[in-house]
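Those protein sequence lines, which keep their order, are chains A and B. Numbers given in the numbering used here equal positions in the first sequence, counted from 1, plus 371. Numbers given in the numbering used here equal positions in the second sequence, counted from 1, plus 7. Just so it is clear, CB atoms sit at the ideal spot from N, CA and C, and this is done for glycine as well. Working notes, beginning with the structure itself.
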Amino acid sequence: MNSNSEAQNIGMGYLLKEFWSHFSENKGAVFGLGLITTFIIIAILAPLISPHGASEVFPGSLRLPPFWSEGGSTEFLLGTDDLGRDVLSRLIYGARVSLFVGVSIVIISTLVGTTLGLVSGYFGGKVDSVIMRFIDILMAYPSILLAIIVVSVIGPGMTNAIIAVAIVNIPSFTRLVRANVLEVKERQFVQASKTFGAGPIRIMVKEILPNCMATLIVQTTLGLSEGILSTAALGFLGLGVQPPTPEWGIMLSDARPYIESSPWLVTLPGLCILAVVLGLNLFGDGLRDALDPKLKR
Amino acid sequence: MKKYLLDRLLQLIPTLIGISLFSFFIIRMVPGDPVLLMLGERGADPKIYLEMKQSLGLDKPVTTQYFTYMKNAITGDFGNSLVSKRPVTKEFFDRFPATLELGLCAIIFAILLGIPAGVIAATKRNTPVDYLLMGTSLVGFSMPIFWWGLILIIIFSVHLGLTPVSGRINVIYDVDALTGFMLIDSLNPSVLREEGLGPFISTIKHLLLPTIAMGTIPLAVVARMTRSSVLEVLRAPYIQTAKAKGQTYRKVIWVHAFRNALIPIVTVIGLLFGSIITGAILTETIFSWPGIGKWLVASIHARDYPVIQGGVLFIAMMIITINFLVDVIYTYVNPRIR
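Spelled out as structure tokens, the structure:
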């Protein structure tokens, strides 16, 4: 029953093929994957494809509209902001910031959340009670509020925003993994491994964790979308990444005074956030269906 | 069932203590001297410094501080705001009705649109209608609401000139806050006599955009949940029986299926109340809505620690209570748990 040995017997190639045949049935999921891939490529290639520097100022061209509207110029395809910086270039570099921040958040919250969940579910008893009460406390605070509180204590900034949002995301991982562990730990292959004298850490990492992977991968995708959204919200409130970093949330809040005269400054960064988050959610839904055929009908 | 609820109630105690400890330590986790941080330059005066330290109780041992804090908290005393010098409790309850009014409107908006959308999507499963509804709700679910609010302003206020941009009511009207709910206060007989329906209409206009902005994610959640819940029920044997008995399609869906599908939907709606605050923080900031969310953000920018401490404790307690009540209702409507 161990998915490890199963995978070895059948071969990764076959599994991937099978996964893809399920996954590609879902057109929305494939579209989501496309959105994310584009976003990642843009983020990686930012210096190569952006027409100008992210902080390069063109004092002669303040708040130019995009090239298709009157007064726009093809030199600045999506216009310029109130300081005369190229919007397109800032959006491209913003993808980099969002990707970096999102991935960092997910790495931290997955590591901490999964460890807590494994320990809590495996050992049970007092350990479980203590960890779960701690998780209950974290969950008593609305997500963005908890992030704001953490930031108010450790101060704004990119690293602190990452820490804050990562803390907020921990409970969902812990609860998910714990539920999974409770289900798996009584199964025979775990008992067998125990009989062979495997220690708790070995059992948790080698036997139980692989069986949590499917749900964990899905949660990671959703965690990434939540992380990107929350960081943008913090940036918007002035409590996250600080200017002049080209972050989409900050670009939005900087553009608020010009909402009437230069609406594109507000529209574009938000569209980017929406596209990435939507892509991740579509992809996550598709992953869940493909990895967990029980839920599919 | 009683035993289950009692267990659940006992579990709350450590959580509540944990929350009180957390709010208590927020102020003490701030790097540097909290007194100096709060007073800024005024803290250079040793007399003011000492007064502040004493008024915060920071000159006593930490355990004493915690128990004093809790004793005061139980009697509703959370200290005074550093900015307005008024009691935190009073400040909180002055603003709370504004947030609650907006939150209730947002949830009603979500239910009124979300449940029909979910039922229709379920009954028309895998048709273009279903794809359209579920696609739209996934977009709603992914919406950065701080952007969505601004887009609504661009469309409805800037371009169409239909709705105001900020506040709860036009400043030309002077409405006494009797209940704190502007929708009710503006219908107060004395207001009606002096100003007519103007204040009420103005209130509704002010509520529209924030309601949509704040209600969008709940709407998506309700629609998705309703769809999957109805689909689940439609597969049940008793639905087949009802169909076989020759019941009309409409009756099968709305009487037999929908009523049983309601259990998880009610749970989700209950949990949405907890998420009001999250929505409020962003929505109120965008629309200058004078509620709890905007107040907390402003307090954090102003480093008004008694407000942060008290406000956060209130909110956490509220959410725990709501989640507990949702559990109770859930146990009540779903006999299988008992």
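- Put simply, the CB of Y629 (chain A) is far from chain B, with every gap to its CB atoms at 8 Å or more.
- Restricting attention to alpha helix (DSSP H) runs no shorter than 4 residues, the segment 137 to 187 of chain B encloses them at 152 to 159, ordered along the chain.
- Nearest to A128 (chain B) by C-alpha distance, out of B:G142, B:F207 and B:V333, is B:G142.
- With a 10 Å radius around the Cβ and a threshold of 16 neighbouring Cβ atoms, A626 (chain A) comes out buried.
- Beta-bridge annotation (DSSP): F447 (chain A) is paired with A:S444.
- DSSP places P527 (chain A) outside both helix and strand once states are collapsed to three, so it counts as coil.
- Counted as a single uninterrupted DSSP element, the alpha helix (DSSP H) harbouring M510 (chain A) occupies residues G496 to M510.
- In the DSSP assignment, G568 (chain A) falls outside any alpha helix (DSSP H) and carries neither an H nor an E.
- Beyond the five residues adjoining it in sequence on each side, T70 (chain B) comes within less than 8 Å, by CB distance, of no other residue in the same chain.
- Contact annotation for R504 (chain A) against chain B: P21, T22 and G25 [CB-CB distance below 7 Å, chain order].
- In the structure shown, R15 (chain B) falls within a helical segment according to DSSP collapsed to helix, strand and coil.
- DSSP places E389 (chain A) in the uninterrupted alpha helix (DSSP H) bounded by M383 to F394.
- The residue among B:V198, B:I20, B:I246 and B:I270 with its C-alpha nearest the C-alpha of V259 (chain B) is B:I246.
- A straight-line Cα-Cα distance of about 20 Å links C583 (chain A) and I476 (chain A).
- L169 (chain B) and P437 (chain A) have their alpha carbons spaced roughly 27 Å apart.
- The segment 262 to 344 of chain B contains, as complete alpha helix (DSSP H) runs of 4+ residues, the segments 265 to 294, 299 to 308 and 312 to 340 (chain order).
- For R659 (chain A), the enclosing alpha helix (DSSP H) has its first and last residue at W635 to L662.
- For V428 (chain A), the beta-bridge partners assigned by DSSP are A:R456.
- Straight-line spacing of the CA atoms in I520 (chain A) and Y385 (chain A) works out to 47 Å.
- Taking a Cβ-Cβ cut-off of 7 Å, the neighbours of M36 (chain B) in chain A comprise V524, given in sequence order.
- In the three-state scheme derived from DSSP, where H, G and I count as helix and E and B as strand, P617 (chain A) is classed as coil.
- If only uninterrupted alpha helix (DSSP H) runs of at least 4 residues are considered, those enclosed by the segment 59 to 134 of chain B are 69 to 81 and 95 to 130.
- Not flagged as an interface residue toward chain A: T106 (chain B), since no C-beta distance is shorter than 8 Å.
- If you check each beta-carbon in the segment 575 to 608 of chain A against every beta-carbon of chain B, the ones closer than 8 Å belong to S596, L600, A603, A604, F607 and L608.
- Among the CB atoms of chain A, none fall inside 8 Å of the CB of S236 (chain B).
- The DSSP-derived three-state label of A604 (chain A) is helix.
- Using a Cβ-Cβ cut-off of 7 Å, I538 (chain A) is close to nothing in chain B; its nearest Cβ partner there is about 12 Å away.
- Residue burial annotation: N79 (chain B) is exposed, with fewer than 16 other C-beta atoms found within 10 angstroms of its C-beta.
- Per DSSP, reduced to three states, the secondary structure at P437 (chain A) is coil, with no helix or strand assignment.
- Excluding its 5 nearest sequence neighbours in each direction, K301 (chain B) has C-beta neighbours in its own chain below 6 Å: E291 and T292, listed in chain order.
- For L610 (chain A), same chain residues with a beta-carbon under 7 Å away, outside a window of 5 residues either side, are I519, V522 and P527 in chain order.
- Listed along chain B, no residue sits closer than 9 Å to S469 (chain A) by beta-carbon distance, the nearest being about 11 Å off.
- Exposed is the label assigned to L482 (chain A), since fewer than 16 other Cβ atoms lie within 10 Å of its Cβ.
- Secondary structure at D192 (chain B): helix, using DSSP grouped into helix, strand and coil.
- Distance between A227 (chain B) and D656 (chain A), taken at the CA atoms: about 15 Å.
- Counting of Cβ neighbours within 10 angstroms places F567 (chain A) among the exposed residues, the total staying below 16.
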